[in-house]
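In the working numbering, each residue carries its 1-based index in the sequence shown increased by 791. C-beta atoms are modelled at their ideal positions from N, C-alpha and C, and glycine is treated no differently. In what follows, a structure is listed as structure tokens, so that the remarks can point back to it.
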Amino acid sequence: MLLAKVIGTVVATAKSENIDGLKMLLIQPIDPDGTPKGNYIVAFDAVGAG
């Protein structure tokens, strides 16, 4: 599991059928103390958490 902060959502005009209906989120990995760490990542919200 990756500790991260949600920065925003990502919109795509074309998606694979495998990810149709999944929300895409832009996340920033963070350290346990909340310090940003690394580059932004696009993540798929398969459980409705974001």
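Might you give, ordered along the chain, the residues of its own chain that have their beta carbon closer than 8 Å to the beta carbon of residue i, omitting 5 neighbours on each side?
i    : result
P823 : L794
D836 : L813, K814, M815 and L816
G799 : L816 and L817
Going along the chain, which residues of its own chain have a beta-carbon closer than 6 Å to the beta-carbon of residue i, five neighbours each way excluded?
i    : result
G829 : P820
V801 : M815, L817 and V833
Counting contacts by CB-CB distance shorter than 8 Å, is residue i in contact with chain B?
i    : result
G812 : Given the protein chain composition of this structure (a single chain), no chain B is represented.
Going by C-alpha to C-alpha distance, which of the options sits closest to residue i?
i    : options                   : result
V838 : A805, Y831, I810 and G825 : I810
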